[in-house]
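Note sheet for the following structure.
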Amino acid sequence: MKKFLALLILSTLLAASAPAFPATSRLFTAKEIKKNNETIYEIGFRLLNANKIDKRMTFSYSTKDNVNASTSHINRNIIIYDGLIQYISTEDELAAVLAHEISHAVDSYNGIFRGYLEFVPHIFIPRKYERKADQRAVDYMVNAGYNPVALIVIMNKAFPQYRYEVLGTHPLTSRRMAMIYEYIYTKYPAFLVNNPYQNNVYYQNFLLNSEHNRKKFAQKVKTGSKKKIRYDY
Amino acid sequence: MIIRLFLAFLLLTSSALAGELIRDELVETTLDSSLKPKPYVQKVYKDKLVEKTLLGKNLPMPVPNLHYNYADSDGVVVKLRPKTKISTGGKLRDGDVVKFVVTQNIVHNGRVILEKNSEVSAVVENISPNDRYGVPASIVISRFSSEVLPDKTLDGEINLQGKNNSLWVYPLSYFLMPFFGAGFGTTFIRGGNVNISPDETIEIYYRPTRFRTGL
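Protein chains in written order, with the working numbering: chain A, 362 to 594; chain B, 560 to 774.
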């Protein structure tokens with residue numbers, strides 16, 4: 362009986378001290394990822410398999426300090442740079458970055474000449490494709506068992522906030538996060554109700570800085586409107 | 560010996576060399592010395608929208624596709640046609656459900672598992688409208704399901720893109736630029752929409768053992 366009680370107390374203490382992330386999300390440091398790039402490949406291929414993506418692509422790590430990840434339209438190699446790795450602390454966050462890039466790589470297979478000229482519309486309206494990649498990233502993460510809220514977390518943590526997006530290749534980070542929030546709310550609301558990132562300092566900051574945009578979305582939910590929201594700076 | 564004496568001299572006079580500390584007399588004379596700054600407590604922001612509109616509802620967590628068996632490449636072709644026209648130019652939004660109709664009886668192991676004209680649902684996973692500079696619209700439809708078949712046994716995805724006019728708009732805009740910037744006029748040329756008419760046939764697969772759930 363004493364042993365049983367001791368075990369019960371021990372297990373309760375262990376459960377209480379568990380990190381505030383879901384069981385699927387391993388915690389790791391930039392050093393660990395750099396030491397073992399296998400983590401990047403494993404997560405990348407898990408995303409491909411779980412999403413039944415039958416297009417080939419590869420993953421690699423670069424020591425450059427860009428806070429970025431990129432996809433080569435020529436050979437469909439997805440590169441994650443050391444500068445961005447420094448910001449990543451969970452498996453969900455790494456999956457978020459890779460899932461976004463996978464969407465670009467899938468798009469590179471569309472169109473004539475095996476997608477050779479697919480980069481042309483990306484030059485004209487790049488932000489449209491970034492929005493699509495953000496949304497697809499959410500889907501890919503959910504199908505592979507990752508928490509899509511991590512996409513907001515990594516964006517708020519690592520991506521800067523420019524003043525205008527007219528000449529930019531990406532929408533403003535504040536708008537991207539609001540759009541992702543809306544997408545998760547609409548398609549996968551369970552992740553916002555059972556949100557292990559609720560008390561995460563970066564997610565808390567998102568709740569703080571996105572209040573105005575979330576109010577706009579709340580209005581849309583209230584009225585049942587299907588109109589696209591123009592989120593604020 | 561001289562060095563040691565010099566060091567001892569330095570040590571003795573160091574406090575004098577360091578100078579006197581400047582005291583804040585105003586604070587000492589006018590404020591209560593027992594006052595202490597409050598410790599920082601992180602404010603927890605709550606998501607009121609989620610609390611108001613989602614909390615308490617029965618929202619099942621999506622089941623990930625982690626139990627797959629790609630060695631199983633057998634599948635029975637399921638031919639479908641849309642019940643109504645599917646278009647990216649219409650009112651379709653992400654997450655909307657679209658309906659299809661089975662065009663012929665689907666037989667597996669000598670048994671009809673899906674009858675002709677039975678209904679199959681699918682989800683619009685992503686819809687991206689057409690845009691300026693001839694940039695095409697695109698649509699992704701997946702998660703096919705039927706009421707009479709177990710979950711995740713219908714396997715397929717529709718991933719289509721409209722007519723990509725940017726391939727000729729791009730050179731045209733460059734060609735027209737020297738003529739008083741007329742190339743900017745190409746801004747208004749839009750790309751094609753994706754239209755799937757009820758006459759078109761779409762093929763997906765019935766794969767009873769490829770994906771497993773509830774493990």
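Beta carbons are placed, not taken as given, at the ideal position from N, Cα and C, and that holds for glycine.
Quick caveat: nothing in here was measured; it's all calculated off a predicted structure.
Which residues DSSP lists as bridging residue i, in chain order
{"i": "A:N420", "result": "Here residue 420 of chain A is Phe; the residue named in the question, Asn, does not match the sequence. For A:F420, which the question treats as bridged, DSSP gives the partners A:I439."}
{"i": "B:F770", "result": "B:Y627"}
{"i": "B:R670", "result": "B:H667"}
{"i": "B:Q720", "result": "B:S697"}
{"i": "B:K658", "result": "B:S680"}
{"i": "B:S725", "result": "Answer is none; B:S725 lacks a bridge partner."}
{"i": "B:N754", "result": "B:S646"}
{"i": "B:P641", "result": "B:F659"}
Residue i classed as buried or exposed, judged by whether at least 16 other C-beta atoms fall within 10 angstroms
{"i": "B:E684", "result": "buried"}
{"i": "B:K711", "result": "buried"}
{"i": "B:Q601", "result": "exposed"}
{"i": "A:N412", "result": "buried"}
{"i": "B:V707", "result": "exposed"}
{"i": "B:R769", "result": "buried"}
{"i": "A:Y592", "result": "buried"}
{"i": "A:H465", "result": "buried"}
{"i": "A:M516", "result": "buried"}
{"i": "B:K611", "result": "exposed"}
{"i": "B:G693", "result": "buried"}
{"i": "A:L459", "result": "buried"}
{"i": "A:D304", "result": "Summary: the structure shown does not reach residue 304 of chain A, with chain A confined to residues 362 through 594, and so no result is reported for it."}
Minimum Cβ-Cβ distance from residue i to chain A less than 9 Å
{"i": "B:N728", "result": "It is worth fixing the name first, because residue 728 of chain B is Val in this sequence and not Asn. By this cut-off, B:V728 is an interface position."}
{"i": "B:P762", "result": "First, the residue type needs correcting, since residue 762 of chain B is Glu and not Pro in the sequence shown. Chain A contact via Cβ: absent."}
{"i": "B:K644", "result": "no"}
{"i": "B:P765", "result": "The amino acid at residue 765 of chain B is misidentified as Pro; the sequence shows Tyr. Answer no: the Cβ-Cβ gap between B:Y765 and chain A never drops below 9 Å."}
{"i": "B:L731", "result": "no"}
{"i": "B:D653", "result": "yes"}
{"i": "B:T768", "result": "no"}
{"i": "B:M736", "result": "no"}
{"i": "B:R640", "result": "no"}
{"i": "B:G649", "result": "no"}
{"i": "B:P757", "result": "no"}
{"i": "B:S725", "result": "yes"}
{"i": "B:P621", "result": "yes"}
{"i": "B:L625", "result": "yes"}
{"i": "B:D631", "result": "no"}
{"i": "B:D606", "result": "yes"}
{"i": "B:S687", "result": "yes"}
Cβ-Cβ separation, residue j to residue i (assumed contact under 8 Å), whole Å
{"i": "A:D495", "j": "A:M540", "result": "7 Å"}
{"i": "B:K675", "j": "B:N664", "result": "5 Å"}
{"i": "A:L553", "j": "B:D606", "result": "7 Å"}
{"i": "A:P482", "j": "B:P695", "result": "7 Å"}
{"i": "A:H434", "j": "A:E491", "result": "That belief does not hold up - the Cβ atoms of A:H434 and A:E491 are roughly 15 Å apart, past 8 Å."}
{"i": "B:S697", "j": "B:V753", "result": "7 Å"}
{"i": "B:L673", "j": "B:S705", "result": "6 Å"}
{"i": "A:R407", "j": "A:A505", "result": "5 Å"}
{"i": "A:E479", "j": "A:G472", "result": "5 Å"}
{"i": "A:I439", "j": "A:F420", "result": "5 Å"}
{"i": "B:V661", "j": "B:V679", "result": "6 Å"}
Beta carbon proximity, residue i to chain B, threshold 9 Å
{"i": "A:P550", "result": "yes"}
{"i": "A:P482", "result": "yes"}
{"i": "A:F406", "result": "no"}
{"i": "A:A539", "result": "no"}
{"i": "A:A411", "result": "yes"}
{"i": "A:N438", "result": "no"}
{"i": "A:K518", "result": "no"}
{"i": "A:L445", "result": "no"}
{"i": "A:T419", "result": "no"}
{"i": "A:R497", "result": "yes"}
{"i": "A:Y544", "result": "yes"}
{"i": "A:G472", "result": "yes"}
- Message: Which complete alpha helix (DSSP H) runs does the segment 460-534 of chain A hold, if anything under 4 residues is left out?
- Response: 473-476, 480-485, 487-504 and 510-519
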